[in-house]
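Going by the numbering used here, the sequence shown opens with residue 2, and the numbers climb by one from there.
Where a beta carbon is used, it is the ideal one built from N, C-alpha and C, also for glycine.
First the structure, in the form of structure tokens, and then the observations on it.
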Amino acid sequence: MTTDRQAFEGGVAVITGAGAGIGSGLARRAGELGMTVVVTDISAERAEAVAGEIKAKGGKAEALVVDVSKPTELDRLAKQVHDQFGDVRLLVNNAGIETIGFTWEIPIERWEATLNINIHGIVHGVRAFAPYMLDAGKPAWIANLASVGAFSVMPTQTAYIMTKHAVQSFSECLYLEMQLKEAPIHVSSIMPGMLKTSIFEASAGQGEPADASTHRKVMHDLMANYGMDLAEGCKVILEQVAEGKFWVSTQPEMTQAAVDGRIQFFRDQAPPFLSEQAKQLLAH
Numbered sequence: 002m003t004t005d006r007q008a009f010e011g012g013v014a015v016i017t018g019a020g021a022g023i024g025s026g027l028a029r030r031a032g033e034l035g036m037t038v039v040v041t042d043i044s045a046e047r048a049e050a051v052a053g054e055i056k057a058k059g060g061k062a063e064a065l066v067v068d069v070s071k072p073t074e075l076d077r078l079a080k081q082v083h084d085q086f087g088d089v090r091l092l093v094n095n096a097g098i099e100t101i102g103f104t105w106e107i108p109i110e111r112w113e114a115t116l117n118i119n120i121h122g123i124v125h126g127v128r129a130f131a132p133y134m135l136d137a138g139k140p141a142w143i144a145n146l147a148s149v150g151a152f153s154v155m156p157t158q159t160a161y162i163m164t165k166h167a168v169q170s171f172s173e174c175l176y177l178e179m180q181l182k183e184a185p186i187h188v189s190s191i192m193p194g195m196l197k198t199s200i201f202e203a204s205a206g207q208g209e210p211a212d213a214s215t216h217r218k219v220m221h222d223l224m225a226n227y228g229m230d231l232a233e234g235c236k237v238i239l240e241q242v243a244e245g246k247f248w249v250s251t252q253p254e255m256t257q258a259a260v261d262g263r264i265q266f267f268r269d270q271a272p273p274f275l276s277e278q279a280k281q282l283l284a285h
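The following block contains the structure:
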């Protein structure tokens with residue numbers, strides 16, 4: 002039996018933002034591993050579609066509508082899942098949006114949505130579910146979606162990048178808190194490199210400045226041409242989460258390059274600078 006199946010089979014998984022992208026891939030993989038998957042998304046249609054795929058393959062799934070930008074909805078979700086399914090073995094705080102545009106050009110509503118979904122959704126997901134996990138006293142796993150962007154900077158992707166820096170530091174502190182509690186709860190920070198998802202599709206950019214569409218298309222094409230297959234990437238992610246790894250990377254060499262660049266930046270204490278690759282990207 003593989004490590005991921007041994008860890009997760011028969012358990013309950015809760016995945017936010019599971020109606021599309023990495024969340025949907027993780028939900029499908031959790032279903033393949035024999036978990037009861039609670040597929041949550043702000044869109045009922047998307048959540049039900051993914052849950053339906055899991056059930057069509059003989060798995061167990063439940064679709065629930067949740068807006069992670071509202072802490073009370075995460076409280077409701079945690080109670081509902083606990084009452085209906087019992088202890089949660091795997092919590093993946095995945096929901097997030099990409100926002101593109103100069104800081105001063107992004108509308109208030111889009112700024113607030115980015116911060117509330119990408120940061121507060123993860124913080125309050127943990128806050129809502131962790132007490133149940135701690136009370137259960139059983140082995141459990143919490144995985145938060147960071148990014149290789151947590152170790153880099155990119156102008157016009159400022160909103161997204163800063164949220165991923167926040168998620169990374171939050172996850173590091175959470176890991177230490179679980180150590181202090183001597184809890185059997187494993188914490189992972191998931192750092193996808195480039196997976197083939199819908200995050201850069203034009204329809205995902207509602208509320209962004211008009212010229213963000215050009216950058217979004219460039220990133221979409223890069224991902225489509227060079228990205229890792231979603232199912233393959235999600236399989237790698239859950240294997241590493243099951244092993245109890247804190248650093249979970251789909252493309253370790255990409256993560257290492259970002260970390261090495263950040264270390265050099267700290268050592269030099271020089272002003273931020275754009276790589277030639279970034280300049281070429283932004284020139285499109």
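query: Once you ignore the five residues that flank alanine 137 on each side, which residues in its own chain have a CB closer than 7 Å to its CB?; result: Asp88
query: Cα-Cα, which of Pro253, Thr4 and Leu146 is closest to threonine 164?; result: Leu146
query: Give me the Cα-Cα distance between methionine 134 and aspartate 269, rounded to the nearest whole angstrom.; result: 42 Å
query: For glutamine 7, which residues in the same chain have their Cβ closer than 8 Å to its Cβ, ignoring the five residues on either side in sequence?; result: Ala243
query: Return the chain-ordered list of same chain residues with a C-beta closer than 6 Å to the C-beta of alanine 45, the five sequence neighbours on each side being excluded.; result: Val66
query: Secondary structure at asparagine 117, three-state DSSP: helix, strand or coil?; result: helix
query: So threonine 102 and threonine 157 are in contact, right, with Cβ under 8 Å, and what is the actual spacing, rounded?; result: The sequence as given places glycine at residue 102; threonine does not occur at that position. Glycine 102 to threonine 157, Cβ: 6 Å. Contact.
query: Could you say which of Ala114, Asp230, Gly35 and Gly126 lies nearest to threonine 251 if we only look at CA atoms?; result: Asp230
query: In three-state DSSP terms, what is threonine 1?; result: Lying outside 2 to 285, the shown extent of the chain, residue 1 is not represented and no answer is given.
query: Smallest Cα separation from threonine 159: which of Ala19, Leu116 and Leu27?; result: Leu116
query: If you draw a straight line from the alpha carbon of tryptophan 112 to that of glutamate 63, how long is it in whole angstroms?; result: 31 Å
query: Using the DSSP secondary-structure output, state which residues sit across from tryptophan 248 in a beta bridge.; result: Ser190
query: Go through its chain and collect everything with a Cβ distance to proline 108's Cβ below 7 Å, but skip five positions before and after it.; result: Gly208
query: Taking one C-beta from the segment 66-85 and one from the segment 168-184 each time, how about it: are there three or more such pairs within less than 8 Å?; result: no
query: Where does the unbroken alpha helix (DSSP H) through threonine 41 begin, and where does it stop?; result: It is not in any alpha helix (DSSP H) - threonine 41 instead sits in the beta strand (DSSP E) that spans 37-42.
query: Might you give, ordered along the chain, the residues of its own chain that have their beta carbon closer than 7 Å to the beta carbon of alanine 184, omitting 5 neighbours on each side?; result: Leu135
query: Can you tell me the Cβ-Cβ gap for valine 51 and alanine 28, rounded? I've got them flagged as a contact below 8 Å.; result: 5 Å
query: If you count every other CB in all the chains shown that lies within 10 Å of the CB of alanine 141, and 16 or more means buried, which is it?; result: buried
query: Taking isoleucine 123 as the reference, which of Gly22, His166 and Ala48 has the closest Cα?; result: His166
query: Please return the same chain residues whose Cβ sits closer than 7 Å to the Cβ of proline 273, not counting the five positions on each side in sequence.; result: Val154
query: Using 8 Å for Cβ pairs, my map puts glutamine 180 next to alanine 151. What's the rounded Cβ distance?; result: Actually they do not touch by this definition, with Cβ atoms about 21 Å apart.
query: Fully enclosed by the segment 16-78, which alpha helix (DSSP H) runs are 4 residues long or longer?; result: 22-33 and 45-57
query: For the ligand COA, is there any heavy atom lying closer than 7 Å to the beta carbon of serine 44?; result: Of the ligands one can find in the structure shown there are none, so the ligand COA has no counterpart to examine.
query: Please state whether the Cβ-Cβ distance between aspartate 5 and leucine 239 is less than 8 Å.; result: yes
query: Apart from the five residues on each side of it in sequence, which residues of its chain come closer than 6 Å, Cβ to Cβ, to alanine 144?; result: Val93, Ser189, Ile191 and Val242
query: Threshold first: 4 residues or longer. Then list the alpha helix (DSSP H) segments lying entirely within the segment 118-150, N to C.; result: 122-137
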